[in-house]
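Take a look at the structure below.
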Amino acid sequence: MGRTDTVEAADVIVVGAGNAAMCAALSAQEAGARVLVLERAPEGDRGGNSAHSGGAFRTVYEDAEDLKRIIPDLTDAEIEMTDFGTYTRDTFFDDCMRLSNWRANADLIEVLVDRSLGTMVWMREKGVRFVPIYGRQAFKVDGRFKFWGGLTVEAVGGGRGLMDMLFASAGKRGIRVLYNSRAVGLLAGDDGIHGVEVIHDGKRRILRAKAIVLGSGGFHANAEWRARYLGPDWDLAKPRGTRFNTGDGIQMARDAGAMSYGHWSGCHSVAYDRCAPEFGELGLVGQQKNGFPMGIMVNLHGERFFNEGADFRNYIYATLGKAVLQQPSGLAWQIFDQQVAHLLSDEYRIRQITKVQADTIEELAEKMGDLDREGFLRTVREWNAAVRTDVPFNPNIRDGRGTAGLKVPKTNWANPLTKPPFIAIGITCGVTCTYGGIRVNEGAQVVSEDGPVIPGLFATGEMVGGLYYTGYPGGAGLMSGSVFGRLAGSGAAAHAARAGNTGRA
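Taking my numbering, I'd label the letters of the sequence shown as residues 148 to 652.
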(Lines of atoms letter the chains of each structure in order from A and count residues from 1; the text may use other names and numbers.)
(Lines give C-alpha, C1' and ligand atoms only; values in the text may rest on other atoms or scores of the structure.)
Protein backbone atom coordinates (compact mmCIF):
# COMPACT_ATOMS: atom_id res chain seq x y z
CA MET A 1 0.00 0.00 0.00
CA GLY A 2 3.02 2.30 0.08
CA ARG A 3 4.64 4.01 3.02
CA THR A 4 2.75 4.99 6.14
CA ASP A 5 2.84 8.65 7.13
CA THR A 6 2.15 9.74 10.68
CA VAL A 7 0.73 13.23 11.07
CA GLU A 8 -1.00 15.24 13.76
CA ALA A 9 -4.43 15.66 12.21
CA ALA A 10 -6.75 17.35 14.69
CA ASP A 11 -7.95 17.45 18.26
CA VAL A 12 -10.93 15.30 17.32
CA ILE A 13 -11.29 12.96 14.35
CA VAL A 14 -14.80 11.90 13.34
CA VAL A 15 -15.00 8.68 11.32
CA GLY A 16 -17.99 8.82 8.99
CA ALA A 17 -19.96 11.67 7.44
CA GLY A 18 -23.65 10.96 7.88
CA ASN A 19 -26.06 12.90 10.06
CA ALA A 20 -24.74 11.45 13.34
CA ALA A 21 -21.11 12.01 12.42
CA MET A 22 -21.63 15.57 11.18
CA CYS A 23 -23.60 16.47 14.31
CA ALA A 24 -20.62 15.15 16.30
CA ALA A 25 -18.24 17.26 14.23
CA LEU A 26 -20.32 20.42 14.70
CA SER A 27 -20.64 19.78 18.42
CA ALA A 28 -16.90 19.21 18.86
CA GLN A 29 -16.09 22.37 16.90
CA GLU A 30 -18.60 24.33 18.95
CA ALA A 31 -16.76 23.17 22.09
CA GLY A 32 -13.45 24.53 20.77
CA ALA A 33 -11.85 21.50 19.13
CA ARG A 34 -10.06 21.33 15.79
CA VAL A 35 -12.04 18.71 13.88
CA LEU A 36 -11.30 16.44 10.94
CA VAL A 37 -14.01 14.27 9.33
CA LEU A 38 -13.05 11.09 7.46
CA GLU A 39 -15.50 10.08 4.73
CA ARG A 40 -14.91 6.72 3.06
CA ALA A 41 -17.03 7.67 0.07
CA PRO A 42 -16.05 10.07 -2.69
CA GLU A 43 -17.58 13.51 -2.37
CA GLY A 44 -20.41 12.74 -4.79
CA ASP A 45 -21.60 9.84 -2.61
CA ARG A 46 -21.10 11.52 0.75
CA GLY A 47 -23.57 11.52 3.59
CA GLY A 48 -23.88 7.84 4.53
CA ASN A 49 -27.29 6.28 5.02
CA SER A 50 -28.66 9.66 6.09
CA ALA A 51 -28.43 10.97 2.51
CA HIS A 52 -30.61 8.03 1.39
CA SER A 53 -33.25 8.60 4.06
CA GLY A 54 -36.47 10.57 3.90
CA GLY A 55 -35.05 13.05 6.41
CA ALA A 56 -37.76 12.50 9.06
CA PHE A 57 -37.08 13.14 12.76
CA ARG A 58 -39.13 11.82 15.67
CA THR A 59 -39.15 14.34 18.50
CA VAL A 60 -41.05 15.23 21.62
CA TYR A 61 -43.39 18.23 21.29
CA GLU A 62 -46.35 19.45 23.28
CA ASP A 63 -48.02 21.73 20.75
CA ALA A 64 -47.53 23.96 17.72
CA GLU A 65 -45.46 26.39 19.81
CA ASP A 66 -42.84 23.68 20.34
CA LEU A 67 -42.88 22.95 16.61
CA LYS A 68 -42.33 26.65 15.88
CA ARG A 69 -39.04 26.39 17.79
CA ILE A 70 -37.96 23.93 15.11
CA ILE A 71 -39.92 25.46 12.23
CA PRO A 72 -39.91 29.22 12.88
CA ASP A 73 -41.57 29.94 9.52
CA LEU A 74 -44.58 27.74 10.33
CA THR A 75 -47.49 29.96 9.28
CA ASP A 76 -50.70 30.74 11.10
CA ALA A 77 -52.59 29.31 8.12
CA GLU A 78 -50.76 26.00 8.41
CA ILE A 79 -51.46 25.87 12.13
CA GLU A 80 -55.13 26.65 11.52
CA MET A 81 -55.62 23.89 8.94
CA THR A 82 -53.61 21.23 10.81
CA ASP A 83 -54.12 19.07 13.86
CA PHE A 84 -50.49 18.53 14.91
CA GLY A 85 -51.56 16.83 18.10
CA THR A 86 -48.87 16.21 20.69
CA TYR A 87 -46.07 13.71 21.13
CA THR A 88 -45.12 13.49 24.77
CA ARG A 89 -41.98 12.27 26.45
CA ASP A 90 -43.85 9.26 27.86
CA THR A 91 -45.31 8.32 24.47
CA PHE A 92 -41.92 8.51 22.74
CA PHE A 93 -40.29 6.43 25.48
CA ASP A 94 -43.10 3.87 25.45
CA ASP A 95 -43.02 3.59 21.64
CA CYS A 96 -39.29 2.82 21.68
CA MET A 97 -39.59 0.31 24.50
CA ARG A 98 -42.80 -1.33 23.25
CA LEU A 99 -41.47 -1.89 19.74
CA SER A 100 -38.30 -3.45 21.16
CA ASN A 101 -40.37 -5.77 23.37
CA TRP A 102 -38.90 -3.84 26.32
CA ARG A 103 -35.37 -4.98 25.53
CA ALA A 104 -33.96 -1.56 24.62
CA ASN A 105 -31.52 0.09 27.01
CA ALA A 106 -33.88 2.33 28.98
CA ASP A 107 -31.08 4.70 30.03
CA LEU A 108 -30.12 5.35 26.41
CA ILE A 109 -33.75 5.70 25.36
CA GLU A 110 -34.28 8.29 28.09
CA VAL A 111 -31.35 10.30 26.73
CA LEU A 112 -32.79 10.07 23.22
CA VAL A 113 -36.24 11.17 24.31
CA ASP A 114 -35.27 13.92 26.75
CA ARG A 115 -32.74 15.52 24.39
CA SER A 116 -34.73 15.20 21.17
CA LEU A 117 -36.43 18.60 21.03
CA GLY A 118 -33.40 20.52 22.30
CA THR A 119 -31.17 18.80 19.76
CA MET A 120 -33.49 19.74 16.91
CA VAL A 121 -33.48 23.37 18.06
CA TRP A 122 -29.68 23.17 18.13
CA MET A 123 -29.62 21.77 14.58
CA ARG A 124 -31.90 24.60 13.46
CA GLU A 125 -29.39 27.04 14.94
CA LYS A 126 -26.69 25.30 12.91
CA GLY A 127 -28.58 25.98 9.71
CA VAL A 128 -30.73 22.86 9.24
CA ARG A 129 -34.24 23.80 8.14
CA PHE A 130 -37.28 21.65 8.91
CA VAL A 131 -40.87 21.46 7.65
CA PRO A 132 -43.99 19.47 8.55
CA ILE A 133 -44.28 16.16 6.69
CA TYR A 134 -47.49 16.93 4.85
CA GLY A 135 -48.44 14.21 2.38
CA ARG A 136 -46.47 11.41 4.00
CA GLN A 137 -47.63 11.73 7.60
CA ALA A 138 -50.92 13.60 7.41
CA PHE A 139 -53.93 13.02 5.19
CA LYS A 140 -56.43 15.76 4.45
CA VAL A 141 -59.88 14.74 5.66
CA ASP A 142 -62.81 17.18 5.63
CA GLY A 143 -60.46 20.03 4.74
CA ARG A 144 -58.08 19.51 7.64
CA PHE A 145 -54.76 17.69 8.01
CA LYS A 146 -54.17 15.42 10.99
CA PHE A 147 -50.72 14.03 11.82
CA TRP A 148 -50.53 10.44 12.94
CA GLY A 149 -47.94 8.03 14.28
CA GLY A 150 -45.83 10.54 16.21
CA LEU A 151 -43.79 11.62 13.19
CA THR A 152 -44.32 15.24 12.19
CA VAL A 153 -41.07 16.91 11.07
CA GLU A 154 -38.57 16.37 8.26
CA ALA A 155 -35.51 18.17 6.95
CA VAL A 156 -36.05 20.37 3.91
CA GLY A 157 -35.00 18.36 0.87
CA GLY A 158 -35.20 15.02 2.68
CA GLY A 159 -32.04 13.11 3.47
CA ARG A 160 -29.95 14.75 0.76
CA GLY A 161 -31.13 18.17 1.82
CA LEU A 162 -30.29 17.38 5.43
CA MET A 163 -26.74 16.37 4.55
CA ASP A 164 -26.18 19.34 2.23
CA MET A 165 -27.18 21.67 5.07
CA LEU A 166 -24.94 19.89 7.58
CA PHE A 167 -21.95 19.96 5.23
CA ALA A 168 -22.56 23.64 4.50
CA SER A 169 -22.66 24.35 8.23
CA ALA A 170 -19.43 22.42 8.77
CA GLY A 171 -17.71 24.27 5.94
CA LYS A 172 -18.63 27.65 7.40
CA ARG A 173 -17.07 26.58 10.69
CA GLY A 174 -13.78 25.38 9.26
CA ILE A 175 -14.38 21.66 9.73
CA ARG A 176 -12.27 19.71 7.26
CA VAL A 177 -13.67 16.67 5.41
CA LEU A 178 -11.24 14.18 3.89
CA TYR A 179 -12.99 12.11 1.20
CA ASN A 180 -11.95 8.68 -0.12
CA SER A 181 -10.61 7.96 3.37
CA ARG A 182 -11.34 4.52 4.77
CA ALA A 183 -10.49 4.15 8.45
CA VAL A 184 -9.19 0.64 9.10
CA GLY A 185 -7.81 0.70 12.64
CA LEU A 186 -7.53 2.64 15.87
CA LEU A 187 -4.30 3.60 17.60
CA ALA A 188 -4.55 2.52 21.20
CA GLY A 189 -2.24 2.93 24.16
CA ASP A 190 -2.36 2.51 27.91
CA ASP A 191 -4.14 5.85 28.17
CA GLY A 192 -6.75 5.13 25.50
CA ILE A 193 -7.27 5.96 21.83
CA HIS A 194 -5.04 8.55 20.21
CA GLY A 195 -5.35 8.12 16.47
CA VAL A 196 -6.65 6.20 13.49
CA GLU A 197 -5.10 4.33 10.58
CA VAL A 198 -6.57 5.39 7.25
CA ILE A 199 -6.32 4.33 3.63
CA HIS A 200 -6.60 7.60 1.72
CA ASP A 201 -6.47 7.45 -2.07
CA GLY A 202 -4.74 4.06 -1.82
CA LYS A 203 -2.08 5.13 0.67
CA ARG A 204 -1.91 4.24 4.35
CA ARG A 205 -1.64 7.10 6.80
CA ILE A 206 -1.63 7.36 10.56
CA LEU A 207 -3.66 10.34 11.73
CA ARG A 208 -3.16 11.32 15.34
CA ALA A 209 -5.82 12.99 17.47
CA LYS A 210 -6.67 13.35 21.12
CA ALA A 211 -10.14 11.80 20.72
CA ILE A 212 -12.00 9.78 18.09
CA VAL A 213 -15.73 9.67 17.34
CA LEU A 214 -16.91 6.64 15.37
CA GLY A 215 -20.00 7.33 13.28
CA SER A 216 -19.51 5.08 10.26
CA GLY A 217 -22.75 3.08 10.36
CA GLY A 218 -23.64 -0.55 10.72
CA PHE A 219 -23.08 -3.49 8.36
CA HIS A 220 -26.16 -3.47 6.15
CA ALA A 221 -24.03 -3.29 2.96
CA ASN A 222 -21.88 -6.30 3.93
CA ALA A 223 -23.57 -9.39 2.46
CA GLU A 224 -21.25 -11.76 4.34
CA TRP A 225 -21.99 -10.17 7.72
CA ARG A 226 -25.73 -10.10 6.96
CA ALA A 227 -25.74 -13.84 6.33
CA ARG A 228 -23.50 -14.44 9.36
CA TYR A 229 -25.46 -12.38 11.86
CA LEU A 230 -28.99 -11.85 10.47
CA GLY A 231 -29.33 -15.39 9.15
CA PRO A 232 -29.94 -17.41 5.98
CA ASP A 233 -30.98 -15.52 2.85
CA TRP A 234 -30.25 -12.09 4.31
CA ASP A 235 -27.41 -11.89 1.80
CA LEU A 236 -30.21 -11.73 -0.79
CA ALA A 237 -31.79 -8.61 0.69
CA LYS A 238 -31.15 -5.35 -1.14
CA PRO A 239 -29.29 -2.63 0.79
CA ARG A 240 -31.33 0.53 0.28
CA GLY A 241 -28.68 2.92 1.57
CA THR A 242 -24.99 3.58 1.02
CA ARG A 243 -22.72 0.79 -0.15
CA PHE A 244 -19.98 1.98 2.22
CA ASN A 245 -21.55 0.82 5.52
CA THR A 246 -19.80 -2.52 5.84
CA GLY A 247 -19.09 -2.61 9.57
CA ASP A 248 -15.60 -1.11 9.56
CA GLY A 249 -16.26 1.11 12.57
CA ILE A 250 -17.72 -1.75 14.58
CA GLN A 251 -14.73 -3.95 13.73
CA MET A 252 -12.23 -1.25 14.71
CA ALA A 253 -13.99 -0.66 18.00
CA ARG A 254 -14.18 -4.38 18.76
CA ASP A 255 -10.48 -4.76 17.96
CA ALA A 256 -9.82 -1.99 20.49
CA GLY A 257 -11.76 -3.83 23.17
CA ALA A 258 -15.28 -2.38 22.80
CA MET A 259 -18.22 -4.40 24.07
CA SER A 260 -20.47 -5.97 21.45
CA TYR A 261 -24.05 -4.93 22.15
CA GLY A 262 -27.58 -4.89 20.81
CA HIS A 263 -29.70 -7.03 18.51
CA TRP A 264 -27.10 -8.54 16.18
CA SER A 265 -29.66 -10.70 14.38
CA GLY A 266 -32.03 -7.77 13.91
CA CYS A 267 -32.29 -5.00 11.36
CA HIS A 268 -34.51 -2.31 9.88
CA SER A 269 -36.00 -3.81 6.72
CA VAL A 270 -38.75 -2.50 4.48
CA ALA A 271 -40.87 -3.30 1.46
CA TYR A 272 -38.60 -2.38 -1.46
CA ASP A 273 -39.09 -2.37 -5.20
CA ARG A 274 -38.13 -5.79 -6.49
CA CYS A 275 -36.18 -4.32 -9.43
CA ALA A 276 -34.29 -1.72 -7.38
CA PRO A 277 -30.50 -1.46 -7.93
CA GLU A 278 -28.02 -3.56 -5.95
CA PHE A 279 -27.33 -0.63 -3.60
CA GLY A 280 -29.11 2.62 -2.92
CA GLU A 281 -28.44 5.39 -5.42
CA LEU A 282 -28.61 9.02 -4.33
CA GLY A 283 -30.29 10.10 -7.55
CA LEU A 284 -32.92 7.37 -7.30
CA VAL A 285 -35.36 7.93 -4.47
CA GLY A 286 -38.63 6.29 -3.53
CA GLN A 287 -37.67 2.64 -3.91
CA GLN A 288 -39.25 1.70 -0.58
CA LYS A 289 -42.98 1.11 -0.70
CA ASN A 290 -44.66 2.16 2.53
CA GLY A 291 -48.29 2.56 1.43
CA PHE A 292 -49.15 -1.03 2.37
CA PRO A 293 -51.66 -0.07 5.15
CA MET A 294 -53.99 1.19 2.42
CA GLY A 295 -54.12 -2.13 0.52
CA ILE A 296 -53.28 -5.81 0.81
CA MET A 297 -50.10 -7.81 0.17
CA VAL A 298 -49.81 -11.30 -1.29
CA ASN A 299 -46.91 -13.68 -1.83
CA LEU A 300 -46.29 -15.66 -5.02
CA HIS A 301 -48.90 -18.21 -3.91
CA GLY A 302 -51.42 -15.37 -3.97
CA GLU A 303 -51.83 -15.54 -0.19
CA ARG A 304 -51.77 -12.72 2.36
CA PHE A 305 -49.04 -13.06 4.99
CA PHE A 306 -48.98 -9.81 6.98
CA ASN A 307 -51.50 -7.72 8.92
CA GLU A 308 -51.19 -4.58 6.81
CA GLY A 309 -53.28 -2.56 9.28
CA ALA A 310 -51.79 -3.73 12.57
CA ASP A 311 -50.68 -0.17 13.39
CA PHE A 312 -49.64 3.07 11.78
CA ARG A 313 -47.03 2.52 9.09
CA ASN A 314 -44.33 4.20 11.22
CA TYR A 315 -44.51 1.44 13.80
CA ILE A 316 -44.52 -1.68 11.60
CA TYR A 317 -42.82 -0.82 8.30
CA ALA A 318 -39.34 -1.70 9.59
CA THR A 319 -40.38 -5.32 10.18
CA LEU A 320 -42.12 -5.79 6.83
CA GLY A 321 -38.96 -6.46 4.84
CA LYS A 322 -38.19 -9.51 6.97
CA ALA A 323 -41.73 -10.82 6.43
CA VAL A 324 -41.33 -10.43 2.65
CA LEU A 325 -37.92 -12.13 2.67
CA GLN A 326 -39.50 -15.15 4.36
CA GLN A 327 -41.99 -15.59 1.49
CA PRO A 328 -41.33 -17.84 -1.53
CA SER A 329 -38.43 -16.38 -3.54
CA GLY A 330 -38.41 -13.42 -1.11
CA LEU A 331 -40.97 -11.62 -3.30
CA ALA A 332 -44.49 -10.24 -2.91
CA TRP A 333 -47.05 -7.87 -4.40
CA GLN A 334 -48.92 -4.88 -2.95
CA ILE A 335 -52.47 -4.44 -4.30
CA PHE A 336 -54.54 -1.22 -4.32
CA ASP A 337 -57.68 0.09 -5.99
CA GLN A 338 -58.86 3.62 -6.77
CA GLN A 339 -60.54 4.08 -3.38
CA VAL A 340 -57.08 4.58 -1.89
CA ALA A 341 -54.71 5.28 -4.80
CA HIS A 342 -54.82 9.03 -4.09
CA LEU A 343 -53.50 8.33 -0.57
CA LEU A 344 -50.28 6.74 -1.85
CA SER A 345 -47.18 8.91 -1.59
CA ASP A 346 -44.85 9.95 -4.39
CA GLU A 347 -42.76 6.78 -4.02
CA TYR A 348 -45.57 5.10 -6.01
CA ARG A 349 -45.33 7.63 -8.84
CA ILE A 350 -41.69 7.38 -9.83
CA ARG A 351 -40.71 5.97 -13.22
CA GLN A 352 -38.46 3.25 -11.78
CA ILE A 353 -41.15 1.04 -10.31
CA THR A 354 -42.34 -2.55 -10.78
CA LYS A 355 -46.01 -1.82 -11.45
CA VAL A 356 -48.90 -3.36 -13.34
CA GLN A 357 -52.43 -2.02 -13.73
CA ALA A 358 -55.67 -3.53 -15.00
CA ASP A 359 -59.41 -2.89 -15.13
CA THR A 360 -60.30 -6.27 -13.62
CA ILE A 361 -58.77 -8.40 -10.89
CA GLU A 362 -58.55 -11.31 -13.36
CA GLU A 363 -56.55 -9.21 -15.82
CA LEU A 364 -54.35 -7.94 -12.99
CA ALA A 365 -53.57 -11.53 -12.00
CA GLU A 366 -52.52 -12.32 -15.57
CA LYS A 367 -50.24 -9.28 -15.75
CA MET A 368 -48.57 -10.03 -12.41
CA GLY A 369 -47.34 -13.19 -14.07
CA ASP A 370 -45.24 -14.91 -11.43
CA LEU A 371 -47.89 -15.71 -8.84
CA ASP A 372 -50.53 -18.42 -8.45
CA ARG A 373 -53.47 -16.90 -10.34
CA GLU A 374 -56.19 -19.05 -8.79
CA GLY A 375 -54.76 -18.61 -5.30
CA PHE A 376 -54.77 -14.84 -5.76
CA LEU A 377 -58.33 -14.70 -7.08
CA ARG A 378 -59.50 -16.84 -4.17
CA THR A 379 -57.71 -14.50 -1.72
CA VAL A 380 -59.39 -11.43 -3.22
CA ARG A 381 -62.84 -13.05 -3.08
CA GLU A 382 -62.36 -13.99 0.56
CA TRP A 383 -60.93 -10.56 1.32
CA ASN A 384 -63.83 -8.64 -0.22
CA ALA A 385 -66.32 -10.72 1.73
CA ALA A 386 -64.47 -10.24 5.04
CA VAL A 387 -64.15 -6.43 5.13
CA ARG A 388 -66.30 -4.77 7.80
CA THR A 389 -67.82 -2.10 5.60
CA ASP A 390 -70.13 -1.01 8.43
CA VAL A 391 -67.14 0.73 10.08
CA PRO A 392 -66.17 4.14 8.59
CA PHE A 393 -62.81 4.37 6.84
CA ASN A 394 -60.44 7.07 8.16
CA PRO A 395 -56.74 6.96 7.24
CA ASN A 396 -55.77 9.50 9.92
CA ILE A 397 -56.71 7.31 12.89
CA ARG A 398 -56.67 3.65 13.87
CA ASP A 399 -60.17 3.37 12.50
CA GLY A 400 -60.93 -0.23 13.47
CA ARG A 401 -62.20 -0.96 9.96
CA GLY A 402 -60.90 -4.51 9.83
CA THR A 403 -61.82 -7.96 8.61
CA ALA A 404 -63.73 -10.89 10.05
CA GLY A 405 -62.94 -14.57 9.69
CA LEU A 406 -59.61 -14.42 7.83
CA LYS A 407 -56.60 -16.50 8.79
CA VAL A 408 -54.45 -13.36 8.50
CA PRO A 409 -56.62 -10.46 9.70
CA LYS A 410 -56.32 -6.80 8.92
CA THR A 411 -57.01 -4.58 11.92
CA ASN A 412 -57.47 -1.12 10.39
CA TRP A 413 -58.02 0.61 7.03
CA ALA A 414 -59.57 -2.39 5.25
CA ASN A 415 -61.38 -1.71 1.97
CA PRO A 416 -62.80 -4.23 -0.50
CA LEU A 417 -60.97 -4.25 -3.82
CA THR A 418 -63.84 -3.08 -6.02
CA LYS A 419 -62.95 0.17 -7.77
CA PRO A 420 -60.80 -0.14 -10.94
CA PRO A 421 -58.28 0.32 -12.25
CA PHE A 422 -56.43 -1.98 -9.89
CA ILE A 423 -52.72 -1.57 -9.18
CA ALA A 424 -50.08 -4.13 -8.21
CA ILE A 425 -46.56 -3.22 -7.06
CA GLY A 426 -43.80 -5.84 -7.01
CA ILE A 427 -41.70 -5.80 -3.83
CA THR A 428 -38.82 -7.56 -2.13
CA CYS A 429 -36.86 -6.96 1.08
CA GLY A 430 -34.80 -3.79 1.40
CA VAL A 431 -32.45 -3.59 4.38
CA THR A 432 -31.91 -0.09 5.76
CA CYS A 433 -29.61 -0.57 8.72
CA THR A 434 -28.56 -3.17 11.28
CA TYR A 435 -29.29 -3.07 15.01
CA GLY A 436 -26.21 -4.80 16.44
CA GLY A 437 -23.14 -2.77 17.29
CA ILE A 438 -21.12 -1.61 20.25
CA ARG A 439 -22.09 -0.33 23.67
CA VAL A 440 -21.95 3.31 24.70
CA ASN A 441 -22.94 5.03 27.92
CA GLU A 442 -25.26 8.01 28.26
CA GLY A 443 -22.42 10.32 27.22
CA ALA A 444 -21.74 8.36 23.99
CA GLN A 445 -18.44 7.02 25.40
CA VAL A 446 -17.58 3.54 24.15
CA VAL A 447 -17.75 0.89 26.86
CA SER A 448 -15.12 -1.85 26.96
CA GLU A 449 -15.75 -5.57 27.38
CA ASP A 450 -14.27 -5.30 30.86
CA GLY A 451 -16.70 -2.59 31.93
CA PRO A 452 -14.92 0.79 31.98
CA VAL A 453 -15.10 3.20 29.08
CA ILE A 454 -12.28 3.31 26.55
CA PRO A 455 -10.63 6.73 27.07
CA GLY A 456 -10.82 8.97 24.03
CA LEU A 457 -13.30 6.81 22.10
CA PHE A 458 -16.90 7.85 21.39
CA ALA A 459 -19.56 6.49 19.04
CA THR A 460 -22.88 7.50 17.53
CA GLY A 461 -25.36 6.58 14.82
CA GLU A 462 -26.17 3.13 13.50
CA MET A 463 -23.13 1.46 15.03
CA VAL A 464 -24.53 2.03 18.53
CA GLY A 465 -26.26 -1.08 19.86
CA GLY A 466 -29.01 -1.33 22.44
CA LEU A 467 -31.53 1.12 20.98
CA TYR A 468 -33.62 -1.12 18.71
CA TYR A 469 -34.69 -4.73 19.05
CA THR A 470 -37.04 -6.27 16.46
CA GLY A 471 -39.10 -3.08 15.93
CA TYR A 472 -38.35 0.55 15.29
CA PRO A 473 -40.38 3.79 15.42
CA GLY A 474 -39.92 5.74 12.19
CA GLY A 475 -37.71 8.81 12.48
CA ALA A 476 -35.93 7.59 15.62
CA GLY A 477 -32.73 6.73 13.75
CA LEU A 478 -31.88 10.23 12.56
CA MET A 479 -32.98 11.63 15.92
CA SER A 480 -30.79 9.27 17.94
CA GLY A 481 -27.87 9.93 15.61
CA SER A 482 -28.19 13.65 16.20
CA VAL A 483 -28.66 13.32 19.97
CA PHE A 484 -25.73 10.98 20.54
CA GLY A 485 -23.67 12.71 17.87
CA ARG A 486 -24.00 15.99 19.73
CA LEU A 487 -23.06 14.27 23.00
CA ALA A 488 -20.15 12.42 21.38
CA GLY A 489 -18.76 15.61 19.85
CA SER A 490 -18.87 17.66 23.03
CA GLY A 491 -17.49 14.74 25.04
CA ALA A 492 -14.65 14.20 22.59
CA ALA A 493 -13.77 17.91 22.65
CA ALA A 494 -13.70 17.90 26.45
CA HIS A 495 -11.48 14.81 26.48
CA ALA A 496 -9.16 16.39 23.91
CA ALA A 497 -8.89 19.54 26.02
CA ARG A 498 -7.96 17.50 29.08
CA ALA A 499 -5.43 15.51 27.07
CA GLY A 500 -3.93 18.72 25.72
CA ASN A 501 -3.54 20.10 29.21
CA THR A 502 -1.57 17.02 30.20
CA GLY A 503 0.60 17.24 27.12
CA ARG A 504 -0.62 14.00 25.59
CA ALA A 505 -0.47 13.94 21.79
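Think of the CB as a built atom: it goes at the ideal place given N, C-alpha and C, for glycine as much as any other residue. In this text, all values refer to a predicted model and were calculated from it rather than measured experimentally.
Residue state for methionine 406 is assigned as coil, using DSSP reduced to three classes. When the Cα atoms are used, arginine 193 and valine 538 turn out to be separated by approximately 48 Å.
Listed in chain order, the alpha helix (DSSP H) elements of length 4 or more contained wholly in the segment 511–572 are 520–533. Secondary structure within the segment 243–305: the beta strand (DSSP E) runs of 3 or more consecutive residues, fully enclosed, are 277–279, 285–288, 291–294, 300–302 (chain order).
A distance below 6 Å between beta-carbons, with the five flanking residues on each side excluded, links aspartate 242 to the following residues of its chain, in chain order: Pro620. DSSP places glutamate 428 in the strand class (E or B) of the three-state scheme. Residue range 166–177 is occupied by the alpha helix (DSSP H) that includes glutamate 177.
In its chain, beyond the 5 residues on either side, Val445, Asn446, Leu447, His448, Gly449, Trp480, Ala512 have a beta carbon closer than 8 Å to the beta carbon of leucine 518. One thing to note: glycine 622 has its Cβ within 7 Å of the Cβ of phenylalanine 204. Boundaries of the alpha helix (DSSP H) around aspartate 213: 211–217. Isoleucine 585 places its beta carbon 7 Å or farther from that of glycine 608. Beyond the five residues adjoining it in sequence on each side, alanine 370 comes within less than 6 Å, by CB distance, of Asp382 in the same chain, given in chain order. Using a C-beta cut-off of 8 Å, the segment 431–440 makes no contact with the segment 399–414, since fewer than three inter-stretch Cβ pairs fall below that distance. Just so you know, the alpha carbons of phenylalanine 277 and threonine 393 end up roughly 30 Å apart. Under the three-state reduction of DSSP output, phenylalanine 366 falls in the coil class, being neither helix nor strand.
Residue pairing by DSSP leaves arginine 460 without any beta bridge partner.
Segment contact: the segment 323–343 against the segment 359–366, three or more CB-CB distances shorter than 8 Å; contact assigned. Residue environment analysis places proline 189 among the exposed positions, since fewer than 16 neighbouring C-beta atoms fall within 10 angstroms of its C-beta. When DSSP states are grouped into helix, strand and coil, aspartate 597 belongs to the coil group. Burial is judged here by how many other beta carbons sit within 10 angstroms of a residue's own beta carbon; glutamine 485 has fewer than 16 and is exposed. DSSP places phenylalanine 452 in the coil class of the three-state scheme, outside both helix and strand. If the five residues before and after alanine 156 are omitted, its C-beta is found closer than 7 Å to the C-beta atoms of Leu183, Leu354, Arg355, Ala356, all from its own chain and listed in chain order.
Taken through DSSP and simplified to helix, strand or coil, glycine 394 comes out as coil. In the DSSP assignment, aspartate 223 falls within the alpha helix (DSSP H) that extends over 223–227.
If you ignore the 5 residues before and after lysine 385, its C-beta comes within less than 6 Å of the C-beta of Tyr419, Ala423, Gly577, all in its own chain and listed in chain order. DSSP assignment within the segment 596–629 yields the following whole beta strand (DSSP E) runs of 3 residues or more, N-terminal first: 600–606.
Serine 412 has its alpha-carbon roughly 5 Å from the corresponding atom of tyrosine 376.
The straight-line gap separating the alpha-carbon atoms of arginine 373 and alanine 171 is approximately 27 Å. By the 16-neighbour rule on beta-carbons within 10 angstroms, aspartate 395 is buried. When the Cα atoms are used, isoleucine 160 and asparagine 252 turn out to be separated by approximately 27 Å. DSSP places phenylalanine 483 within a strand segment (E or B) once states are collapsed to three.
For the pair isoleucine 544 and tryptophan 560, the Cα-to-Cα distance works out to about 9 Å. DSSP, read as helix, strand or coil, puts valine 471 in helix. Within the segment 301–356, the complete beta strand (DSSP E) segments at least 3 residues long are 323–325, 328–336, 339–347, 350–355, listed from N- to C-terminus. Of the residues Trp249, Thr238, Ala224, the one whose Cα lies closest to the Cα of leucine 614 is Trp249.
When C-beta atoms of the segment 205–214 are compared with those of the segment 304–311, fewer than three pairs fall below 8 Å, so the two segments do not count as touching.
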